[in-house]
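Residue numbers (the numbering used here): 177 to 502. Glycine included, C-beta positions come from ideal geometry on N, C-alpha and C. Scroll down for the structure; my scribbles are underneath it.
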Amino acid sequence: MRANKILLTLIFLITTINAQFSTTPKVGTTVFQFLKVIPNAKAAGLGGISSTTITTSDAVFYNPAVLVNGENMQLSLSYLDYFLDVNLKSASLSINLGNWGVLGAFLLFNDVGEMDLTTAEAVIFNYETGEFNPGLTGEKFSVSSQCFGMSYAKRITNQFSFGLNAKYVVEDLYRAKASAFIFDGGVLYEPDFEYFKLGVMIRNFGKDVKFVDESYPLPQELTIGVSSYLVGGERPLIKQSNNLDILLLYNINQTRDHSQQQHLGAEISIAKKLFIRVGRKFYFDEEDFTYGVGINLKKFRFDYAYNKFGEYLPSVNHISFSMKIR
177 MRANKILLTL IFLITTINAQ FSTTPKVGTT VFQFLKVIPN AKAAGLGGIS
227 STTITTSDAV FYNPAVLVNG ENMQLSLSYL DYFLDVNLKS ASLSINLGNW
277 GVLGAFLLFN DVGEMDLTTA EAVIFNYETG EFNPGLTGEK FSVSSQCFGM
327 SYAKRITNQF SFGLNAKYVV EDLYRAKASA FIFDGGVLYE PDFEYFKLGV
377 MIRNFGKDVK FVDESYPLPQ ELTIGVSSYL VGGERPLIKQ SNNLDILLLY
427 NINQTRDHSQ QQHLGAEISI AKKLFIRVGR KFYFDEEDFT YGVGINLKKF
477 RFDYAYNKFG EYLPSVNHIS FSMKIR
């Protein structure tokens, strides 16, 4: 009975929030865009799917409720080699406190690097001498974005878990700087038949952020994801196996500044040591197929992902490392 009440409440919240997102403006209307790009390689290799499957401490970025399925203490580090010398780095830590729940902490950095400073006053174009300056001043400037946060997760019942994030975000755009406190919330539903999981995550809720004289909304996001083992796992849909696992995953994603997007992914695990991943993103402007591999040792895990960005943009690489501390 309690589980049914929680599920009905969850459906009501999803319907209400999705209706709100559907009536808001779209592309180019929100700030702190770097919050939508997470370096973790496992999720990237699965087409960006994350709401049920990331059991390392990096679950704080996708669905903190999943932290309840992690190890006693974990550390994760990730790096994304993005476009035009831009890179993103993340670090996360989780500590399982038993009946008290799970605590987490995380950092996310967006490094744009140095750029040439140009001004309209410095523009020179002399027909007679051929002298031309596109506005370069000889000075350099940099842009940076950071996010620092804490997480808490706990099981409500054997089937339901919840997780919360509180984070502080700072973005410095040279002559404009803004900061804000933002909140995330997620739930994980694991029914008794175990081969099926449902995850729901609501990200980036808070007040509008002011840059100079204008205020802009946050990149709010609602993600609903399901995953199921076809082969392997504890109770697979098709066949039990000790050395082979086949996992299928699906996410649907509604953001405040884009139309609805979907993600499909699959993972093959050999002896729970070697992982091969493929994903597909639907209704994205440029992204489509993603690929990834992972190696799981006793206390260490390494993951790599390769993401294609269509015809005109270069592909990007994700690298992740996680460690069981105890």
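Between the CA atoms of residue j and residue i - distance to the nearest angstrom
i, j, result
"residue 469", "residue 218", "8 Å"
"residue 441", "residue 405", "12 Å"
"residue 395", "residue 501", "34 Å"
"residue 271", "residue 242", "13 Å"
"residue 492", "residue 210", "15 Å"
"residue 461", "residue 433", "13 Å"
"residue 223", "residue 363", "21 Å"
"residue 439", "residue 464", "9 Å"
"residue 427", "residue 478", "24 Å"
"residue 349", "residue 355", "11 Å"
"residue 486", "residue 316", "31 Å"
"residue 304", "residue 431", "53 Å"
"residue 417", "residue 390", "57 Å"
"residue 480", "residue 258", "14 Å"
"residue 294", "residue 263", "23 Å"
Own chain, CB closer than 8 Å to residue i, minus 5 neighbours either side, in chain order
i, result
"residue 328", "240, 277, 278, 279, 280, 339, 340"
"residue 251", "233, 267, 268, 269, 498, 499, 501"
Nearest candidate by alpha-carbon position, reference residue i, set the options
i, options, result
"residue 372", "386, 492, 412", "412"
"residue 314", "334, 291, 264, 367", "291"
"residue 332", "381, 214, 367, 258", "367"
"residue 326", "207, 407, 357, 260", "357"
"residue 260", "490, 301, 495", "490"
"residue 297", "308, 303, 304, 287", "308"
"residue 236", "256, 214, 383", "214"
"residue 247", "495, 475, 480, 496", "475"
"residue 256", "229, 212, 294", "212"
Own chain partners of residue i with C-beta closer than 6 Å, once the 5 adjacent residues on each side are dropped
i, result
"residue 245", "231"
"residue 505", "The first residue shown for the chain is 177 and the last is 502, placing residue 505 beyond what the model contains."
"residue 379", "360, 397"
"residue 374", "365, 402"
"residue 322", "285, 346"
"residue 445", "421, 451"
"residue 344", "324, 357"
Buried/exposed call for residue i, threshold 16 Cβ in 10 Å
i, result
"residue 377", "buried"
"residue 473", "exposed"
"residue 385", "buried"
"residue 216", "buried"
9 Å Cβ cutoff met for residue i and residue j
i, j, result
"residue 283", "residue 336", "no"
"residue 429", "residue 220", "no"
"residue 318", "residue 289", "yes"
"residue 437", "residue 457", "yes"
"residue 227", "residue 399", "yes"
"residue 459", "residue 207", "no"
"residue 423", "residue 443", "yes"
"residue 299", "residue 352", "no"
"residue 254", "residue 287", "no"
"residue 225", "residue 455", "yes"
Cβ shell of residue i (< 7 Å), same chain only, five flanking positions each side left out
i, result
"residue 488", "none"
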